[in-house]
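Chemist: Let me begin by handing over the structure; questions about it come next.
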Amino acid sequence: MKTMWAPWRMEYILGEKRGRCIFCSALRDQDELTLFKGEDTIVTMNKFPYINGHLLVAPVRHVSNLHELNKIEMGELLATVEQSVGILKTVMKPDGFNVGLNLGKAAGAGVEEHLHFHIVPRWFGDTNALTVFGEVRVIPEHLKATFNNLKLYFDKINTTN
Ligand SMILES: [Zn+2]
358 MKTMWAPWRM EYILGEKRGR CIFCSALRDQ DELTLFKGED TIVTMNKFPY INGHLLVAPV
418 RHVSNLHELN KIEMGELLAT VEQSVGILKT VMKPDGFNVG LNLGKAAGAG VEEHLHFHIV
478 PRWFGDTNAL TVFGEVRVIP EHLKATFNNL KLYFDKINTT N
């Protein structure tokens with residue numbers, strides 16, 4: 358196999374990758390999944406939802422870490438999360454919510470390079486009762502096994518104190 362060093366490819370690859378960022382694309386173009394474009398935040402529907410009503414709330418700036426956000430962006434981000442929850446409450450009347458961040462690939466971030474909150478409305482008795490963030494659906498058997506493993510250590514904490 359012949360390998361060619363082509364530095365211009367790198368820019369192309371990086372550019373292409375950046376272009377594929379769903380949030381930056383949504384900010385640039387009209388997008389049927391985007392619910393809100395604010396000065397500092399954007400809200401989109403998740404194309405691959407865990408459940409109906411699964412929303413994504415991201416800062417406008419393409420950053421991957423919390424510490425890269427300034428105080429205003431942090432405030433706006435949380436305010437937008439709160440507003441999104443409020444709207445979902447009104448429209449879909451869920452019994453609860455999972456709200457969270459997946460930071461890094463190991464945590465299951467699908468779009469790792471652009472920070473975003475997941476908001477997942479939940480209903481009593483919804484079928485994927487043990488769905489967790491990170492595109493991993495935990496099945497009860499595994500959860501039970503993990504629980505048992507952890508419980509051993511937690512029990513030790515109790516007895517040594
Ligand atoms: Zn982006």
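Note that the working numbering has the sequence shown beginning at 358, numbered continuously upward.
We put the beta carbon where it would ideally sit given N, CA and C, even for glycine.
In this text the structure is predicted, and so the values were computed from the model without any measurement.
(1) My output table needs one value for LYS462: the three-state DSSP class, helix, strand or coil.
(2) If you compare alpha carbons, which of HIS471, ARG479 and PRO478 is closest to PRO416?
(3) Please check the pair VAL468 and VAL456, which I expect to be a contact at CB under 8 Å, by giving their CB distance rounded to whole angstroms.
(4) Any residue with its C-beta under 5 Å from a non-hydrogen atom of ligand 1 counts. Can you list them all in chain order?
(5) What is the residue span of the alpha helix (DSSP H) that LEU413 lies within?
(6) Do LEU390 and MET402 have their C-beta atoms closer together than 9 Å?
(7) How close, in whole Å, do the beta carbons of VAL400 and SER441 come, if the pair is a contact with beta carbons under 8 Å?
(8) Taking PHE380 as part of the alpha helix (DSSP H), name the residues at either end of that continuous run.
Modeler: In short, the structure shows the following:
(1) Of the three classes helix, strand and coil, the one that applies to LYS462 here is helix, per DSSP.
(2) Measuring from the Cα of PRO416, the nearest candidate turns out to be HIS471.
(3) The pair is not a contact, with the Cβ atoms about 17 Å apart (cut-off 8 Å).
(4) Residues with their Cβ less than 5 Å from any non-hydrogen atom of ligand 1, running along the chain, are CYS378, PHE380, CYS381, HIS419 and HIS471.
(5) Counting along the chain, LEU413 falls outside any alpha helix (DSSP H), though it belongs to the beta strand (DSSP E) covering 412-416.
(6) With respect to the 9 Å criterion, LEU390 and MET402 are classified as neighbours on the basis of their beta carbons.
(7) With a contact defined as Cβ atoms closer than 8 Å, VAL400 and SER441 qualify at about 6 Å.
(8) Counting along the chain, the alpha helix (DSSP H) containing PHE380 begins and ends at 379-385.
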